[in-house]
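J.: Okay, here's the structure, questions in a sec.
There are 2 protein chains.
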Amino acid sequence: MNKKKAELCNVSSFPGGAHAVNADVQSGAIAPHEFSMRPVVEIDRYLLKWLLKAMGAPPVRFLLWNGEEVSGGMDPCVARVFIADRAALLRLIANPDLHFGDLYESGRVRVEGDLVEFLECVYHASAAVPPRGLAQRLISRTRPARPNTLTGSRSNIHRHYDIGNDFYRLWLDEQMVYTCAYFASPGATLEQAQVAKMDHVCRKLRLHPGERVVEAGCGWGSLARHMARHYGVKIRAYNISHEQIVYARERAKAEGLEGLVEYVEDDYRNISGEFDAFVSVGMLEHVGVEHYQELGDVIHQCLKVGGRGLIHSIGRNRPKPMNAWIEKRIFPGAYPATLAEMMQIFEPSEFSVLDVENLRLHYARTLEHWLWRFEKASDRVMAMFDVSFVRAWRLYLAGSIAAFRVGDMQLFQILFASRDNNDVPWTRNHLYTATERTES
Amino acid sequence: MNKKKAELCNVSSFPGGAHAVNADVQSGAIAPHEFSMRPVVEIDRYLLKWLLKAMGAPPVRFLLWNGEEVSGGMDPCVARVFIADRAALLRLIANPDLHFGDLYESGRVRVEGDLVEFLECVYHASAAVPPRGLAQRLISRTRPARPNTLTGSRSNIHRHYDIGNDFYRLWLDEQMVYTCAYFASPGATLEQAQVAKMDHVCRKLRLHPGERVVEAGCGWGSLARHMARHYGVKIRAYNISHEQIVYARERAKAEGLEGLVEYVEDDYRNISGEFDAFVSVGMLEHVGVEHYQELGDVIHQCLKVGGRGLIHSIGRNRPKPMNAWIEKRIFPGAYPATLAEMMQIFEPSEFSVLDVENLRLHYARTLEHWLWRFEKASDRVMAMFDVSFVRAWRLYLAGSIAAFRVGDMQLFQILFASRDNNDVPWTRNHLYTATERTES
Numbered sequence: 006m007n008k009k010k011a012e013l014c015n016v017s018s019f020p021g022g023a024h025a026v027n028a029d030v031q032s033g034a035i036a037p038h039e040f041s042m043r044p045v046v047e048i049d050r051y052l053l054k055w056l057l058k059a060m061g062a063p064p065v066r067f068l069l070w071n072g073e074e075v076s077g078g079m080d081p082c083v084a085r086v087f088i089a090d091r092a093a094l095l096r097l098i099a100n101p102d103l104h105f106g107d108l109y110e111s112g113r114v115r116v117e118g119d120l121v122e123f124l125e126c127v128y129h130a131s132a133a134v135p136p137r138g139l140a141q142r143l144i145s146r147t148r149p150a151r152p153n154t155l156t157g158s159r160s161n162i163h164r165h166y167d168i169g170n171d172f173y174r175l176w177l178d179e180q181m182v183y184t185c186a187y188f189a190s191p192g193a194t195l196e197q198a199q200v201a202k203m204d205h206v207c208r209k210l211r212l213h214p215g216e217r218v219v220e221a222g223c224g225w226g227s228l229a230r231h232m233a234r235h236y237g238v239k240i241r242a243y244n245i246s247h248e249q250i251v252y253a254r255e256r257a258k259a260e261g262l263e264g265l266v267e268y269v270e271d272d273y274r275n276i277s278g279e280f281d282a283f284v285s286v287g288m289l290e291h292v293g294v295e296h297y298q299e300l301g302d303v304i305h306q307c308l309k310v311g312g313r314g315l316i317h318s319i320g321r322n323r324p325k326p327m328n329a330w331i332e333k334r335i336f337p338g339a340y341p342a343t344l345a346e347m348m349q350i351f352e353p354s355e356f357s358v359l360d361v362e363n364l365r366l367h368y369a370r371t372l373e374h375w376l377w378r379f380e381k382a383s384d385r386v387m388a389m390f391d392v393s394f395v396r397a398w399r400l401y402l403a404g405s406i407a408a409f410r411v412g413d414m415q416l417f418q419i420l421f422a423s424r425d426n427n428d429v430p431w432t433r434n435h436l437y438t439a440t441e442r443t444e445s
Numbered sequence: 006m007n008k009k010k011a012e013l014c015n016v017s018s019f020p021g022g023a024h025a026v027n028a029d030v031q032s033g034a035i036a037p038h039e040f041s042m043r044p045v046v047e048i049d050r051y052l053l054k055w056l057l058k059a060m061g062a063p064p065v066r067f068l069l070w071n072g073e074e075v076s077g078g079m080d081p082c083v084a085r086v087f088i089a090d091r092a093a094l095l096r097l098i099a100n101p102d103l104h105f106g107d108l109y110e111s112g113r114v115r116v117e118g119d120l121v122e123f124l125e126c127v128y129h130a131s132a133a134v135p136p137r138g139l140a141q142r143l144i145s146r147t148r149p150a151r152p153n154t155l156t157g158s159r160s161n162i163h164r165h166y167d168i169g170n171d172f173y174r175l176w177l178d179e180q181m182v183y184t185c186a187y188f189a190s191p192g193a194t195l196e197q198a199q200v201a202k203m204d205h206v207c208r209k210l211r212l213h214p215g216e217r218v219v220e221a222g223c224g225w226g227s228l229a230r231h232m233a234r235h236y237g238v239k240i241r242a243y244n245i246s247h248e249q250i251v252y253a254r255e256r257a258k259a260e261g262l263e264g265l266v267e268y269v270e271d272d273y274r275n276i277s278g279e280f281d282a283f284v285s286v287g288m289l290e291h292v293g294v295e296h297y298q299e300l301g302d303v304i305h306q307c308l309k310v311g312g313r314g315l316i317h318s319i320g321r322n323r324p325k326p327m328n329a330w331i332e333k334r335i336f337p338g339a340y341p342a343t344l345a346e347m348m349q350i351f352e353p354s355e356f357s358v359l360d361v362e363n364l365r366l367h368y369a370r371t372l373e374h375w376l377w378r379f380e381k382a383s384d385r386v387m388a389m390f391d392v393s394f395v396r397a398w399r400l401y402l403a404g405s406i407a408a409f410r411v412g413d414m415q416l417f418q419i420l421f422a423s424r425d426n427n428d429v430p431w432t433r434n435h436l437y438t439a440t441e442r443t444e445s
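Okay, structure coming up:
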């Protein structure tokens, strides 16, 4: 048991991990001819030492444009951060949460060493710094998240999910599932783990053939097709990403599932109909806490008496804004909420929370697979976009691995039911024994 | 599967259920010679009809002191509530949540019919009434809960748990476990279900031989002894009920477990030492939300790096004060919190919530067992106390069954760990397969 666990938790045992993160080392190693003649002055060193202290003194060193190293004296050193010029240094000092990403993307800041390991030790060190200290407040300044009104959501979602199905196809699994997988067994492939996740969700919901399910935020439609094919239910699946809906419809048609799955290009706030079950996997991050009660009302209105539902979402241990660069560059309008915040969905309609499962390490593992595949396809990504895009997405994937590994982010699956629903299983044994698939 | 579930959920299939609740019918049926000659006037009828409406029109009838019936016209009628005099009627109208219990206890209000079924349909009907309506606010007035300061807690706990071990021995299981059991298999006895609950808690905590565990609120000490005997851990268990501590110490000595279990007669706020795991089963109800952060600090301070813990507590779907009569008569200072409120324990120290399980129906079943045993022993309870005590405890047990059945109360088991604890199992499969007991 312990051996199995160690194997699973141990980062270096992941077949793709080392390769993936080494890619940055290979492209990012600093050669002496890259150093410039511009001098480093005392204030540069002072500012960097202040930054290291504010970050909780992680075991990293800075390598300045003239080849000079600045360190906080922590050894062994996990990585070196190359800063190409003084302007980059000043931007980094002014708002590291935001500008580290910007500068990394443009190549004016580079990381020599394992990128994931570097980010992990930085996150780990800063977690130990009192969050309300002046230094932390200065280095963790946030941007106001872009609003998730009906129009705002469309724009926010468009900017991430509509950048091209061909791009996502390069590094997602064959079913195009872009949410945390479930590694039920240690040696599972990404493909197997995504199917296992879909089954885990379906078993938690205890779907019966002929039931009607509504899905909010269906991505490329994999879960809806899986439910229809294996559990014999009828699904109406909502999404405001045009590219994803087009793909989902085509694929359902090609697989002969049109009669069971209906993809609707619309906002969750416009869900209509009456359903036995509600499901949402990886949408809540884009809803915004100020809309949670609205989401709860939608769920309450569309569920039949005795209905049940499941929400799967990234979360936090305590309230904290999204990293400023991620919000700006990768996920506009996104916010990972705490469990307490998520309860605003359930409390007004008195839903009973039946089961919460935290799959944090599964998301780290999922992201390791994605990053590995992404790096393998980086030349093709480069051809589709440009080098700064590759660097930005590398940082986003690597940073997410690190955040899940150090416990900065969580992944919650919340199963709930109407207050008066007594048709609930007495134990969760059914999740871990025979399959409940109908194979219809 | 469906058959098994139906059997489990169906109230009438419980062997003791019918007997237990019939006891009240047998002792409570109203004979014609009990009616008085005092007249009923129009205002009496009007007030009762208003009350029925405010209660959401449950299918019950009132039987007034002169033998006259007042009903809301709902059929079939589940039970008749006998009101012995006008003063009782006026008190019932003035504050039913508080005075129904008082009047039931004194016999001036009696229920003819199945007491649990009566309460269940009343709770069910009132749940459908808008909680902020005038009528609901009038009939659900609450008392301020008695404070849980160090002194207040001692007094509150003393009033419930120190009323005599001999009394509790009459209707609890052999191990004296006074918290929700876990009916892992449908035909389990109360004794088996309490052992299964203790194992379920221990497996969630993944106890290893030699580890140190601290328990807050240990009751009669059953869980601590179980952990020591079957999981080979060392436990320091806290409780401020003197009677319970005396019993727990004697029993541990008799069972040769003194070297592994230390019972401390003190408040959870005074916990000292360093431990691998924290556990608290059925204490949080007595802590008070205003002390949750204090409890979280205590847990944070006493847990080693990488520690984990479990809190098992009655809860709610949304914030709602304890029933006024229960707070006054049975559980002074008690409050069942929502999950969101409970997060005040975990957020400040950034504990990761790993698993939440709702065992609501298990508590209804546990209480059915207790009520059945209580009724079997009611003559002996009467001899120990008096008839009003028997009636009060009958109402408390029956009311609790009803509250768990209709979803007015929940039972949450929350497993948590330090934010940076990556030594967590990948799935919950281990809870449902081979035992992890060491049988040391």
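First to last, the protein sequences are chains A and B.
314 is the number that this note's numbering gives to position 309 of the first sequence; each next residue is one higher, with no gaps.
445 is the number that this note's numbering gives to position 440 of the second sequence; each next residue is one higher, with no gaps.
Ideal Cβ positions, reconstructed from N, Cα and C, are used throughout, including at glycine.
1. Exposed or buried, Met288 (chain A), counting other C-beta atoms within 10 Å across all chains shown (16 or more means buried)?
2. Per DSSP, what kind of secondary structure is Phe123 (chain B) in: helix, strand or coil?
3. Straight-line CA distance for Asp302 (chain B) to Val284 (chain B)?
4. Could you say which of A:Arg254, A:Pro44, A:Ser131 lies nearest to Ala59 (chain A) if we only look at CA atoms?
5. Is Lys239 (chain B) helix, strand or coil when you go by DSSP?
6. Which same chain residues end up closer than 8 Å to Gly312 (chain B) when comparing Cβ atoms and leaving out the 5 residues on each side of it in sequence?
7. DSSP three-state call for Asn434 (chain A): helix, strand or coil?
8. Alpha carbon to alpha carbon, how far is Glu346 (chain B) from Gly112 (chain A)?
9. Taking the alpha carbon of Cys223 (chain A) as the point to measure from, which residue in A:Thr154, A:Tyr183, A:Gln199 has its own alpha carbon closest?
10. Under 8 Å between the Cβ atoms of Ala84 (chain A) and Glu122 (chain A)?
11. Cβ of Asp119 (chain B) less than 8 Å from any chain A Cβ?
12. Taking 8 Å as the threshold (C-beta atoms), are Val395 (chain B) and Ser405 (chain B) in contact?
13. Between the segment 330-345 of chain A and the segment 336-352 of chain B, do at least 3 Cβ pairs fall closer than 8 Å?
14. As an exercise, report each continuous beta strand (DSSP E) stretch of at least 3 residues that is fully enclosed by the segment 187-230 of chain B, in chain order.
15. Closer than 8 Å, CB to CB, is Met348 (chain A) near chain B or not?
16. Buried or exposed, going by whether 16 or more other CB atoms sit within 10 Å of the CB of Gln306 (chain A)?
17. For a quick check, are the C-beta atoms of Ser319 (chain A) and Glu290 (chain A) less than 8 Å apart?
18. Please list, in chain order, the chain A residues whose beta carbon lies closer than 9 Å to that of Gly261 (chain B).
19. How about Glu248 (chain A) and Asn170 (chain A): do their beta carbons lie closer than 8 Å?
20. Does Arg208 (chain B) come within less than 8 Å of chain A when only Cβ atoms are used?
21. Please give me, in chain order, every unbroken run of the alpha helix (DSSP H) with length at least 4 that falls completely inside the segment 26-102 of chain B.
22. Ignore the nearest five residues each way along the sequence and tell me which others in Tyr51 (chain A)'s own chain have a CB closer than 8 Å to its CB.
23. Counting Cβ pairs, one atom from each stretch, are 3 or more of them under 8 Å apart for the segment 319-337 of chain A and the segment 223-232 of chain A?
24. Output the distance between the C-alpha atoms of Pro214 (chain B) and Asp204 (chain B), rounded to the nearest integer angstrom.
25. Report the partner residues of Val284 (chain A) according to the DSSP bridge assignment.
26. Note down the Cα distance separating Leu97 (chain A) from Phe105 (chain A), rounded to an integer number of angstroms.
27. Closer than 8 Å, CB to CB, is Val284 (chain A) near chain C or not?
28. Return the chain-ordered list of same chain residues with a C-beta closer than 7 Å to the C-beta of Pro44 (chain A), the five sequence neighbours on each side being excluded.
29. When DSSP builds the beta bridges, which residues end up paired with Ile419 (chain B)?
30. Are Tyr268 (chain A) and Ile250 (chain A) closer than 8 Å when you measure CB to CB?
31. Of the residues A:Asp428, A:Arg234, A:Leu308, which one's Cα is nearest the Cα of Arg256 (chain A)?
32. Below 7 Å CB to CB, which residues in the same chain sit around Asn153 (chain A) once its five sequence neighbours on both sides are set aside?
33. Just the Cα atoms here: how many angstroms apart are Met42 (chain A) and Leu359 (chain B)?
34. Return the chain-ordered list of same chain residues with a C-beta closer than 8 Å to the C-beta of Ile304 (chain A), the five sequence neighbours on each side being excluded.
35. Could you tell me which of A:Leu376, A:Met414, A:Val219 sits nearest to Arg274 (chain A), measuring between CA atoms?
36. Quick one: what does DSSP say Tyr252 (chain A) is sitting in, helix, strand or coil?
T.: Taking the geometry as given:
1. Working through the first sequence from its first residue, we reach residue 288 (chain A) at position 283. Its Cβ being crowded by 16 or more others within 10 Å, Met288 (chain A) is buried.
2. As a working note, residue 123 (chain B) is residue 118 in the second sequence. Here Phe123 (chain B) sits in helix by DSSP.
3. Numbered from its first residue, the second sequence carries residue 302 (chain B) at position 297. Numbered from its first residue, the second sequence carries residue 284 (chain B) at position 279. About 14 Å.
4. The residue given as residue 59 (chain A) occupies position 54 in the first sequence. Nearest of A:Arg254, A:Pro44, A:Ser131 to Ala59 (chain A), Cα basis: A:Ser131.
5. One-based indexing of the second sequence puts residue 239 (chain B) at position 234. Strand, per DSSP.
6. In the second sequence, counting from the first residue as 1, residue 312 (chain B) sits at position 307. The residues are Phe280, Asp281, Ala282, Phe283, Ala422, Ser423, Asn426.
7. The residue you call residue 434 (chain A) lines up with position 429 of the first sequence. Three-state DSSP puts Asn434 (chain A) in a helix.
8. Residue mapping note: residue 346 (chain B) aligns to position 341 of the second sequence, counting from 1. Residue mapping note: residue 112 (chain A) aligns to position 107 of the first sequence, counting from 1. If you take the alpha carbons of Glu346 (chain B) and Gly112 (chain A), they lie about 46 Å apart.
9. Position 218 of the first sequence holds residue 223 (chain A). Of the listed residues, the one whose Cα sits closest to Cys223 (chain A) is A:Tyr183.
10. As a working note, residue 84 (chain A) is residue 79 in the first sequence. As a working note, residue 122 (chain A) is residue 117 in the first sequence. Against a cut-off of 8 Å, the Cβ pair of Glu122 (chain A) and Ala84 (chain A) comes out as a contact.
11. In the second sequence, counting from the first residue as 1, residue 119 (chain B) sits at position 114. So, not an interface residue.
12. Taking the second sequence and counting its residues from 1, one reaches residue 405 (chain B) at position 400. Taking the second sequence and counting its residues from 1, one reaches residue 395 (chain B) at position 390. Against a cut-off of 8 Å, the Cβ pair of Val395 (chain B) and Ser405 (chain B) comes out as no contact.
13. yes
14. 217-221
15. Numbered from its first residue, the first sequence carries residue 348 (chain A) at position 343. For Met348 (chain A), the answer is yes, since a Cβ of chain B falls inside 8 Å of its Cβ.
16. By 1-based counting over the first sequence, the position of residue 306 (chain A) is 301. With fewer than 16 Cβ atoms within 10 Å of its Cβ, Gln306 (chain A) is classed as exposed.
17. Counting from 1 along the first sequence, the entry for residue 319 (chain A) is found at position 314. Counting from 1 along the first sequence, the entry for residue 290 (chain A) is found at position 285. Here residue 319 (chain A) turns out to be Ile, not Ser, going by the sequence shown. For Ile319 (chain A) and Glu290 (chain A), yes; Cβs fall inside 8 Å.
18. Within the second sequence, numbered from 1, the residue matching residue 261 (chain B) stands at position 256. Within chain A, no residue comes near Gly261 (chain B); the closest Cβ sits about 29 Å away, beyond 9 Å.
19. The residue labelled residue 248 (chain A) in the question sits at position 243 within the first sequence. The residue labelled residue 170 (chain A) in the question sits at position 165 within the first sequence. Closer than 8 Å, so yes.
20. Here residue 208 (chain B) corresponds to residue number 203 of the second sequence, with the count starting at 1. No, no contact with chain A.
21. 47-59, 91-99
22. For the purposes of this step, residue 51 (chain A) is taken as residue 46 along the first sequence, with counting starting at 1. Once the five neighbours on either side are set aside, Tyr51 (chain A) has no close Cβ partner at all.
23. no
24. Numbered from 1 along the second sequence, position 209 holds the residue referred to as residue 214 (chain B). Numbered from 1 along the second sequence, position 199 holds the residue referred to as residue 204 (chain B). Their backbone Cα atoms lie some 14 Å apart in a straight line.
25. Mapped onto the first sequence, residue 284 (chain A) falls at position 279. Note: Val284 (chain A) sits in a beta bridge opposite A:Glu220, A:Leu315.
26. By one-based count along the first sequence, residue 97 (chain A) stands at place 92. By one-based count along the first sequence, residue 105 (chain A) stands at place 100. Each residue's alpha carbon lies about 6 Å from the other.
27. Protein chains A and B are contained in the structure displayed, whereas chain C is not.
28. Counting from 1 along the first sequence, the entry for residue 44 (chain A) is found at position 39. Excluding sequence neighbours, Pro44 (chain A) sits near Asn71.
29. Residue mapping note: residue 419 (chain B) aligns to position 414 of the second sequence, counting from 1. Answer by DSSP bridge pairing, in chain order: B:Ile316, B:Val361.
30. Taking the first residue of the first sequence as 1, we reach residue 268 (chain A) at position 263. Taking the first residue of the first sequence as 1, we reach residue 250 (chain A) at position 245. Cβ atoms of Tyr268 (chain A) and Ile250 (chain A): closer than 8 Å.
31. Along the first sequence, read from residue 1 onward, the residue named residue 256 (chain A) stands at position 251. Comparing Cα positions, the closest option is A:Arg234.
32. Position 148 of the first sequence, counting from 1, holds the residue named residue 153 (chain A). Here the set comprises Asn161, His291, Val292, Gly293, His296, Gly338.
33. Locating residue 42 (chain A) in the first sequence gives position 37, where the first residue counts as 1. Locating residue 359 (chain B) in the second sequence gives position 354, where the first residue counts as 1. Each residue's Cα considered, the two are about 53 Å apart.
34. What you label residue 304 (chain A) is simply residue 299 of the first sequence in a count that begins at 1. Closer than 8 Å at Cβ, skipping near neighbours: Phe283, Gly314, Ile350, Ser354, Phe356.
35. The residue labelled residue 274 (chain A) in the question sits at position 269 within the first sequence. Nearest C-alpha to Arg274 (chain A): A:Val219.
36. By 1-based counting over the first sequence, the position of residue 252 (chain A) is 247. In this structure, Tyr252 (chain A) counts as helix in the three-state DSSP scheme.
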